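As they're listed, the protein sequences go chains A and B.
Here the first sequence is numbered in my numbering, starting from 3 and rising by one per residue.
Here the second sequence is numbered in my numbering, starting from 3 and rising by one per residue.
Each residue gets a CB set at the ideal place from its N, CA and C atoms; glycine is no exception.
Given the structure is predicted, the values throughout are model-derived calculations rather than measurements.
Data first, discussion second: the structure below is written as structure tokens.
There are 2 protein chains.
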Amino acid sequence: MSQQEKILEEFRSVFNKLVWLNRGEMEEKLKGHKPSEVHCIEYIGKHVDPNVTRLAEAFYMTRGAISKITKKLLDKKLIESYQGPENKKEIYFRLTPQGREVFDIHENLHRSFRGRDDVVFEKISDEQYKTMSRFLDMYSQHLDAEINKQGIRLEESPIVE
Amino acid sequence: MSQQEKILEEFRSVFNKLVWLNRGEMEEKLKGHKPSEVHCIEYIGKHVDPNVTRLAEAFYMTRGAISKITKKLLDKKLIESYQGPENKKEIYFRLTPQGREVFDIHENLHRSFRGRDDVVFEKISDEQYKTMSRFLDMYSQHLDAEINKQGIRLEESPIVE
DNA sequence: GTTTTTTTGTTGACAAGGAAACAAAAATAT
DNA sequence: ATATTTTTGTTTCCTTGTCAACAAAAAAAC
């Protein structure tokens, strides 16, 4: 196995563990709310004039899927919708007081997760941070370029009728 | 945003891009086979006497889900099942020649993905590798310990009737 | 050796999310 | 100004995976 594969595999493993570990506590403290619902609440609480389309883009999900989630949140009175006077098409969301409660619980959980893992991050020097950050930036840029190539290639082979 | 959150966010972003980018080509080259099916084929091709339970554990999925996937693969004649003489309960899988073809295509794709990203990894020095690897190891161990705590806590609160 | 418990694989009911079709509104072209 | 195209949100149908219940086999307890 190459160094490349080893590093990526380790990333993946750490991520899986992190997700698995956090989900347990999440489910316990936020019983009755699905992860995707909490996710939406978090986004709505942190952005101005969020709508179905923004949420979909942020989560790499379809508008249809988000539409269903926000509908459930509206039914539960955790969010409410509003519109601007100059646009009758876009529908924005804001948290209700009950939604804000869920939002706060979630934020506190995140803080506690961060605290739990502090011991690890304290041992990282600034230089080590920089090394990793630089690597991730490089990789990210490289992938952006490759995604761009893909995009162009797709456009270059249009459906002919 | 703390350094901790920043690094994790960058990890997540790189991963999303990687998945997104690779999936495109995968779907193109392995048309007619779902990602989860290919995933199972890969595992079956690389392990001895794989069964539903092993696959489920490897992918963090339920046995039910795996059972359905392997059923589809059996119908497509990409895998076949066999049993040992001393055990009438466990059912193992192996690739058919057709399944082997899919396996090989998948392996080649992986090689090409690796080649595509070589430019990035070539720029990483051995020390930088070590830094990242050490960090990931530490984090991984820390999470294992935390998961253990969770496990114990769960066992300590049995359902009383 | 018999009984109980655990493991293994399968199935059916259910929920989540994607794809596509759609209507209404907005933006753009002409 | 009008016609066309794009954007936005919703709904329906379909696929995938989870959960719970189950039967058969194996393992463990007694």
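Which class does residue i belong to by DSSP, given the choice of helix, strand or coil?
{"i": "A:N110", "result": "helix"}
{"i": "A:P160", "result": "Confidence in A:P160 is poor, its pLDDT being 36 and thus under 50, which makes the residue's placement unreliable; the coordinate value appears in the next sentence. Here A:P160 sits in coil by DSSP."}
{"i": "A:E39", "result": "helix"}
{"i": "B:S83", "result": "strand"}
{"i": "A:N53", "result": "strand"}
{"i": "A:L138", "result": "helix"}
{"i": "B:Y62", "result": "coil"}
{"i": "B:L76", "result": "helix"}
{"i": "A:L145", "result": "helix"}
{"i": "A:L20", "result": "helix"}
{"i": "A:L97", "result": "strand"}
{"i": "B:E129", "result": "helix"}
{"i": "A:S15", "result": "helix"}
{"i": "A:L32", "result": "coil"}
{"i": "B:N150", "result": "helix"}
{"i": "B:E88", "result": "coil"}
{"i": "A:S69", "result": "helix"}
Less than 7 Å between the beta carbons of residue i and residue j, yes or no?
{"i": "A:I68", "j": "A:V50", "result": "no"}
{"i": "A:I81", "j": "A:G101", "result": "yes"}
{"i": "B:F105", "j": "B:G34", "result": "no"}
{"i": "B:T133", "j": "A:Q5", "result": "no"}
{"i": "B:H144", "j": "A:V16", "result": "no"}
{"i": "A:K31", "j": "A:I107", "result": "yes"}
{"i": "A:L138", "j": "B:E12", "result": "yes"}
By the criterion of Cβ-Cβ separation under 9 Å, what are the contact partners of residue i in chain A?
{"i": "B:Q5", "result": "F123, I126, D128, Y131 and S135"}
Within its chain, find whatever has a CB closer than 6 Å to the CB of residue i; leave out the 5 residues flanking it on each side and keep chain order.
{"i": "B:S114", "result": "none"}
{"i": "A:E142", "result": "Going by the sequence as given, residue 142 of chain A is Ser instead of Glu. Excluding residues within five positions, none has a Cβ falling inside 6 Å."}
{"i": "B:L76", "result": "none"}
{"i": "A:K151", "result": "none"}
{"i": "A:I149", "result": "none"}
{"i": "A:E88", "result": "none"}
{"i": "B:R136", "result": "none"}
Leaving out five residues on either side along the sequence, give the residues of the same chain with a beta carbon under 7 Å from the beta carbon of residue i.
{"i": "B:K74", "result": "E39"}
{"i": "B:T98", "result": "K79, L80, I81 and E82"}
{"i": "A:T64", "result": "A58"}
{"i": "A:N24", "result": "F115"}
{"i": "A:Y45", "result": "P52, L57 and A60"}
{"i": "A:P160", "result": "Residue placement at A:P160 cannot be trusted, given a pLDDT of 36 that sits under 50; the coordinates are not used to answer."}
{"i": "A:L111", "result": "E27, M28 and K31"}
{"i": "A:S127", "result": "none"}
Apart from the five residues just before and just after residue i, which ones in its own chain have a Cβ nearer than 8 Å to its Cβ?
{"i": "A:E158", "result": "With a pLDDT of 42 at A:E158, under the threshold of 50, the modelled position of this residue cannot be trusted; read the value that follows with caution. So no residue of the chain qualifies."}
{"i": "A:Q85", "result": "E92, I93 and Y94"}
{"i": "A:K90", "result": "none"}
{"i": "A:H41", "result": "F61"}
{"i": "B:R118", "result": "none"}
Indicate, with yes or no, if the ligand ZN has a heavy atom lying under 6 Å from the CB of residue i.
{"i": "B:I81", "result": "Among the components of this structure there are no ligands whatsoever, and the ligand ZN is therefore not found."}
| message | So if I threshold CB-CB distances at 8 Å, which residues from the region 117-150 of chain A count as touching chain B? | response | Against chain B - using a Cβ distance shorter than 8 Å - the residues of the region 117-150 of chain A are R118, D119, D120, V121, V122, F123, K125, I126, Q130, Y131, T133, M134, S135, F137, L138, D139, M140, Y141, S142, H144, L145, D146, E148 and I149.
| query | Closer than 9 Å, Cβ to any Cβ of chain B: which residues of the region 10-30 of chain A, in chain order? | reply | Under the 9 Å Cβ criterion, the region 10-30 of chain A contributes L10, E12, F13, R14, S15, V16, F17, N18, K19, L20, W22, L23, G26 and E27.
| request: Using a Cβ-Cβ cut-off of less than 9 Å, list which residues of the region 62-76 of chain A approach chain B; keep chain order. | output: Within the region 62-76 of chain A, those residues whose Cβ lies closer than 9 Å to any Cβ of chain B are, in chain order, Y62.
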